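What follows is a set of notes on a single structure, which appears directly below.
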């Protein structure tokens with residue numbers, strides 16, 4: 435799984451830190467899309483994001 439480790443938010447000991455170059459290399463090699471939400475309906479900043487493969491059967 436390719437994700438972000440944001441301090442104080444969903445921290446996990448299972449995450450292995452890699453360089454940004456490695457992150458983007460993997461992102462590109464897997465042809466992933468980054469889905470994110472800038473704001474919630476009430477205008478507050480959203481923290482929502484996910485990586486998604488366009489090759490998924492349900493995408």
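Numbering (my numbering), first residue to last: 435 to 493.
Even for Gly, the Cβ is constructed at its ideal location relative to N, Cα and C.
Quick caveat: nothing in here was measured; it's all calculated off a predicted structure.
Presumed contact (8 Å Cβ cut-off) between residue 469 and residue 450, rounded CB distance | About 23 Å separates the two Cβ atoms, so there is no contact after all.
From residue 459 to residue 467, what does the alpha carbon distance come to, in whole angstroms?
-> Taking the Cα positions, residue 459 is about 13 Å away from residue 467.
So the alpha helix (DSSP H) residue 484 belongs to, where does it begin and stop?
-> Under the DSSP assignment, residue 484 falls outside any alpha helix (DSSP H), being part of the beta strand (DSSP E) whose first and last residues are 483-486.
Of the choices 481, 464, 475 and 479, whose alpha-carbon is the least far from that of residue 487?
-> Selected option, being the one with the closest Cα: 464.
Out of curiosity, what's the CA-to-CA distance linking residue 473 and residue 482?
-> Distance from the CA atom of residue 473 to the CA atom of residue 482, rounded to whole angstroms, is 9 Å.
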